[in-house]
Structure formats: structure tokens, C-alpha cells
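So, in C-alpha cells, the structure goes:
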């Protein structure tokens, strides 16, 4: 690499940290009229930069040196600046990517690659956080079943094993069983009228629960719902040893299991806007969610950094909004700064994924984030969504100054009605999530159109404009037979219908407050469920730490509603639990796997199992038994020890 960028902590104060950046020219040629482009997710103090000017939009920073200096051969340029933050603890907090450009006779940016070194934190190294595991058990099902009774003997699974024809409710589960047996065990089991593996419909089984009895010559699976058969299959798959006894035969321990979920809603959210995840990754992830008995995949499809869903009425959303880069309408963000980066999911692909998930017992809930986090949409459809007279000054959590829909533009409502209409038609789920989070203070305040709109509707606070937009979205969804969902902020700024489902992410208390207002609630407290949080204290840990550290044992320690009396009626307003992976820093399969596994397995047990059945040492023993599967599946999980 011909250029190198170093970042060093040089001073730590209570309210701010001072950094130095050194840009090295390692070539024998001078670079004239240069500009430095780099990515850092923190809000940098632009006024504090020495020797030049900084502009920042999101994570994308552009530094222009004063007086157009020449970067001479084998020389360097030095600048200092501040960030109003507590001390950095992790290398991920540094500069993620960078490039140079020259302004000489160029109509487009021609990126010059720059090597970015690991930030010097100016701190003593911290040992990696480890999680000692207990020895694996003979039976290692996760999440732990309600009742499991080991029996004496084994059932031999081989290519000669036949699955008996079953009730139509079991067909998807049987197809999944056949698929997994072929993928992981090279077994192709046939389906015949009589067989050894029996899926039986039983109205005696609790909804979405199941019963398994494994005998020497037969396996009996009973459930009353399609979901119950899927959950039974997940447990059955975990009973199969990964190593063949001989000639592709596998000894399954004889056992009797009776099981049912503790929480009806067991979800996992994936952010596909900040970084694009290909379909093969999504399918693999959904397959793992099914294995560990999740039943909802919450698909975050739109945000400031990218629009990922095909909308027929607005092709610009994907031709423009799905892509970012040095010469795109959307600037580069986070990583891949020198490239045209992005992607989107066609409706054909989405329908395929919906069916794939459904076959594994999962419902896909789409999220279209409004009225904030809309920069990709606004940049794609400025003729519809941009208010050029809006002089409002704001900066949101991700450092954007132009990402909020205007409540006063007719185009906003045309856009919402059209997009939600197509989304509702595409997704069979009874819900659509509309975001509703992180609209910053200052939005709409200096828009003459919005101020007039407020006066016409007798609104006193600008946040009432958010509620106005969300009530419109709710009306559209109702006409399509859908129920609106949103982050906890949707309850701020005015009345919305309490048929809306609230996702509580800042804390459990926020969720309980919504439940007391008669909203149904999904608990998703970041401190226990955000898998983008770092997993330890050493500087090389991947992730963010705004909500603290989240090692495996802390995920497992989460006991939802632990301080709520068992007879409190609020329990009936809590639909379930959800985890999340926000992907500002998740751009590779390796990072994806490292952040999710094995914490996903701990979260699965939090969602599914009765609290009195959860014991840490027992879990780590069963987790130890699951690692062989994760290895065979090629999952690059964070090692515990």
C-alpha cells in the first residue's frame, strides 16, 4: 500500500478525547491537492481539527487540508481533533476504512487506497474474556426441554429408515427433517405409508408444543400444530450424533420429551440496510433460528445507508438507494469506501425466502423505517420527499442531518401508502414494522411548511408530526389487514392506536410503561439482547459498547419480567422476547458468525425455556455438546475458552 493512515489517542479528558491522525506518503511521488476520506462512526468535533476542514455525514468523513498542501514523497501530514466521548476501549472504535482523492482535473472521485492501521488506544492490554464450559452431556438439546426422560437403549438411524406418511400439518417439518439429514448426515430418507418415524397429530398436545418418544424400532412425534412439529424436529435433529457408528448409521438415544414454549413470540432481528447480507447467508441464518426454536425473523430492510426491498412503483429506491460509493448519490459508509457497495432483494427472492422460513416454522416480519432513518429514500426520491425550504438543524444518533420525512409534503403520504401497500401484499405476516425510532430534536422546527401544518392541526410540539405520520401509516396497514408494529419511540409525541405492538429496546422499564398503557409489547432490551455489543473487554473484541458489554453469560442471565409478580396482569401484554443484530460493523460472514454464535443459543433458551429449568452450568455443558455441530456447519463462532 502506498499510503498509510495512523490514529492515536493523545489525551483523555472526562468529557472528550483528543486524537492524532498521521497520513504517510510511502511513495516516491508527490500528491497534490489531496483530500482524505475516512469512516468513523463517532460524531467528530469538526471545529477541533487542526490544519484543515472536516465534513461528516453519517460515518463518512471528508478532511480537506488548508491551503492545498503537497504531500511530498516519503513524508507525512499530521492533524489533531477531539471527540466528545468517554475513553475508547476497542479497535473497532477507530477509523474503519480510508482513501485519498485529488481534485486536479477530475470530474469524478478516483479513490486512492490507503492502508488503515489499528488505532493506538494508549491503554494497557486487557485479557480476552473467556467462558469455561462444563463437559458435554450425552443429550445436549438447546433450548432445554420442559421434561426429558432418558430411556435405556438406542434407535439406529440409517438410509433404511423410512418416514411414515403423516397429517398435512407435519409436511413442512418432515421436508425440513429430510433436508437436514441429507445435508449433515448424507441420508436420504423416503416417505412411505408405513415407516419407522411417525409424525402424529394430537389435540392433547399444548399449542406449539410437542411430544417425542424414541423407542428401539420407532420414533413417535406428536404435536397439535405445524409449529409444534417443527419444534419437535429441531429437538430430534439435536439428538443425532454427528459421527456415524459405521457405514452411515447413527445411534439416537432412546428418550421421552414433553416440551412447549415459555414465550409465544421468539424473534431475531437482522439489519440488512447498513450492510447487505446475501440470500445464502439469510437462508443459513433462518435455518439456525429454526434449529433453536425461534419463530420470528424481523427483517430490517430500510435505513439511512440503504434501501433493500424492490418496490415496483419506485424503481429509484433500488437503482439509487440500494447503492453507496464515492460517485453514488449515497456516500460510502462504514466499510468498502472505495467501491460501489450494496444490493437489494427482488420480490422473487423475498417470496422464496418467505417460503423457506415458513417451511421451518418462522414468520418474516418486514420493517420499513419511518419517519426517521429515511435518508436512502429521500435521496432516491427527492422530487417526492425533499422539502428544499426546510432549514431545520439536527443530527441524529448516526450523525445524519437530512434523514427525516416531512410531515407537510403530500409526497410523504403518497410514498408511505404506496410502499406499505406493496409490502403488505408481498408479506403474508399479519404485522408490518414501521420503525418510528430516533427522530432527533430539531427536526421540522425550521420548516415553514411543517410549522404551518402544525398550526392547521393545532399541534403544539413537533413530535406530534411523527404521530400524525404514524397514524396515517396505521390506517394504510389496517386497510390491508395488517397490524402496525414499532420501536418504543412511536408512543412519544401524541396518540397512536394501542393496537400497535411496541418493541422495547432501551430497557424493560420502557416496555412495562407501554404495557401499562394497554399496548402489546415485545421485550428487546439492548443490554441483554443486542448481539452487536462487544463480548468482552479486550481491545480486539468486535462490536459496539454503547449499552455495555454482552458476554455469553450476561445474555443467559436475562430473566424477562423477573421483578414482576407472577399474577400481575401485565404479563398478558408481553408477547415475547427478541434479539437483534445491528450491522454497522458486520460486513463479512466471519464477523456475522462471531457476533451471533454462541450467544444466539443462550438467547434461544431465554425465549423458550421455563425460568426454573435454566441453570448456567447445565447450559454450558449442553453448549459444549453443540459446538461439534457448529464446527461441522462451518459456523465461525466466537470460541468460549
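Residue numbers (UniProt numbering): 1 to 641. Note that beta-carbon positions come from the ideal geometry of N, C-alpha and C, so glycine has one too.
Taking the alpha carbon of residue i as the reference point, which residue from the options has its own alpha carbon closest?
i: residue 351; options: 427, 623, 203; result: 427
i: residue 386; options: 396, 375, 394; result: 375
i: residue 563; options: 607, 549, 611; result: 611
i: residue 205; options: 193, 198, 221; result: 221
i: residue 107; options: 595, 326, 363; result: 326
i: residue 242; options: 184, 279, 264, 188; result: 184
i: residue 495; options: 36, 480, 482, 472; result: 472
i: residue 695; options: 21, 30, 67, 527; result: Nothing can be reported for residue 695: it is not among the residues displayed for the chain, which extend from 1 to 641.
i: residue 384; options: 409, 566, 398; result: 409
i: residue 48; options: 482, 17, 116; result: 17
i: residue 218; options: 170, 245, 153, 628; result: 153
Could you give the distance in angstroms between the alpha-carbon of residue i and the alpha-carbon of residue j?
i: residue 347; j: residue 309; result: 7 angstroms
i: residue 255; j: residue 168; result: 26 angstroms
i: residue 331; j: residue 573; result: 42 angstroms
i: residue 118; j: residue 39; result: 13 angstroms
i: residue 454; j: residue 497; result: 20 angstroms
i: residue 622; j: residue 596; result: 17 angstroms
i: residue 109; j: residue 323; result: 16 angstroms
i: residue 33; j: residue 76; result: 14 angstroms
i: residue 342; j: residue 160; result: 47 angstroms
i: residue 550; j: residue 216; result: 43 angstroms
i: residue 544; j: residue 189; result: 45 angstroms
i: residue 165; j: residue 178; result: 13 angstroms
i: residue 298; j: residue 362; result: 10 angstroms
i: residue 130; j: residue 557; result: 16 angstroms
i: residue 257; j: residue 148; result: 5 angstroms
i: residue 615; j: residue 602; result: 11 angstroms
i: residue 468; j: residue 407; result: 8 angstroms
i: residue 429; j: residue 273; result: 21 angstroms
i: residue 423; j: residue 163; result: 38 angstroms
i: residue 262; j: residue 208; result: 10 angstroms
i: residue 291; j: residue 234; result: 5 angstroms
i: residue 477; j: residue 239; result: 43 angstroms
i: residue 86; j: residue 533; result: 17 angstroms
i: residue 380; j: residue 344; result: 14 angstroms
i: residue 505; j: residue 367; result: 15 angstroms
i: residue 522; j: residue 97; result: 36 angstroms
i: residue 150; j: residue 560; result: 30 angstroms
With a CB to CB cut of under 6 angstroms and the five nearest residues on each side skipped, what residues in its chain are close to residue i?
i: residue 294; result: 266, 268
i: residue 613; result: 144
i: residue 230; result: 173, 361
i: residue 187; result: 159, 181
i: residue 50; result: 79, 80
For residue i, I'd like the list of residues in its chain whose CB is within less than 8 angstroms of its CB, leaving aside the five on either flank, ordered along the chain.
i: residue 439; result: 371, 372, 396, 404, 463, 466, 489
i: residue 19; result: 7, 8, 9, 10, 80, 81, 82, 83
i: residue 630; result: 597, 598, 637
i: residue 418; result: 311, 313, 314
i: residue 102; result: 31, 32, 33, 34, 35, 110, 112
Taking the alpha helix (DSSP H) that residue i falls in, what are its first and last residues?
i: residue 608; result: 599-608
i: residue 178; result: 171-185
i: residue 553; result: 552-557
i: residue 616; result: 616-632
i: residue 230; result: 226-239
i: residue 211; result: No alpha helix (DSSP H) holds residue 211; the beta strand (DSSP E) holding it covers 210-214.
i: residue 437; result: Residue 437 -> no alpha helix (DSSP H), and no H or E assigned at all.
i: residue 82; result: Where residue 82 is concerned, there is no enclosing alpha helix (DSSP H), although the beta strand (DSSP E) it sits in stretches over 76-83.
i: residue 455; result: 448-456
Sorted by chain position, which residues of the same chain lie with C-beta nearer than 7 angstroms to residue i's C-beta, five sequence neighbours on each side aside?
i: residue 44; result: 54, 56, 61, 81, 83
i: residue 392; result: 442, 443, 444, 445, 446, 447
What first and last residue would you give for the beta strand (DSSP E) that runs through residue i?
i: residue 579; result: 574-581
i: residue 471; result: First-last for residue 471: 463-479, but that is the alpha helix (DSSP H), not the beta strand (DSSP E).
i: residue 648; result: Since the first residue of the chain shown is 1 and the last is 641, residue 648 is not available in this structure.
i: residue 590; result: Residue 590 -> not in any beta strand (DSSP E); alpha helix (DSSP H) instead, spanning 589-596.
i: residue 259; result: 250-259
i: residue 90; result: Where residue 90 is concerned, there is no enclosing beta strand (DSSP E), given that its DSSP letter is neither H nor E.
i: residue 427; result: From DSSP, residue 427 is part of no beta strand (DSSP E); its letter is neither H nor E.
Tell me whether residue i, by its Cβ, gets closer than 8 angstroms to a heavy atom of the ligand ADP.
i: residue 482; result: Absent from the structure shown: the ligand ADP. Ligands present: none.
Residue ranges of each beta strand (DSSP E) within the segment 96-139, 3 or longer: Given a length threshold of 3 residues, each whole run of the beta strand (DSSP E) inside the segment 96-139 is given here in chain order: 97-102.
Beta strand (DSSP E) runs contained entirely in the segment 4-67, provided each spans 3 or more residues: Listed in chain order, they are 17-25, 34-39, 52-57, 60-65.
Unbroken stretches of the alpha helix (DSSP H), 4 residues or longer, contained in the segment 266-336: If we require 4 residues or more, the alpha helix (DSSP H) runs fully inside the segment 266-336 come out as 279-291, 316-319.
Every unbroken alpha helix (DSSP H) inside the segment 346-415 [4 residues or more]: As far as the segment 346-415 is concerned, its whole alpha helix (DSSP H) runs of at least 4 residues are 347-358, 375-380, 382-385.
Every unbroken alpha helix (DSSP H) within the segment 491-571, with a cutoff of 4 residues, ordered by chain: The DSSP assignment places complete alpha helix (DSSP H) segments of no fewer than 4 residues inside the segment 491-571 at 508-516, 526-529, 552-557, in order along the chain.
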